[in-house]
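**Q** In the working numbering, the protein residues as written are 483 to 554. We put the CB at the ideal spot given by N, CA and C, even for glycine.
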């Protein structure tokens, strides 16, 4: 049982009697994996990030990251 609880359910049919919500107890291992990857990236001075951004598919989408969001 490792990982984070990542949802709260307010659906009346699934909430225990007398409660107004229920914590959804699902465990997502990728949350732990992403934390480990972030620590490794910090230790190795961005090497993981650089490797990720060297992928042609990711490179092709990088311009979208620079686009300004509309303000209206």
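Does the separation of the CB atoms of residue 527 and residue 535 fall below 8 angstroms?
**A** Cβ atoms of residue 527 and residue 535: not closer than 8 angstroms.
**Q** Throw me the rounded Cβ distance for the residue 504 and residue 498 pair, which I believe falls under 8 angstroms.
**A** Rounded, the Cβ-Cβ distance is 6 angstroms, consistent with contact.
**Q** Which value, in whole angstroms, describes the spacing of the CA atoms of residue 517 and residue 550?
**A** Approximately 28 angstroms, taken between the alpha carbons.
**Q** DSSP three-state call for residue 532: helix, strand or coil?
**A** The answer is helix: DSSP assigns residue 532 an H, G or I state.
**Q** Between residue 530 and residue 537, how many whole angstroms is the CB-CB distance? I'm expecting something under 8 angstroms.
**A** No, residue 530 and residue 537 are not in contact; Cβ-Cβ is about 12 angstroms, not under 8 angstroms.
**Q** Residue range of the beta strand (DSSP E) that residue 505 falls in?
**A** Per DSSP, residue 505 belongs to the beta strand (DSSP E) from 504–506.
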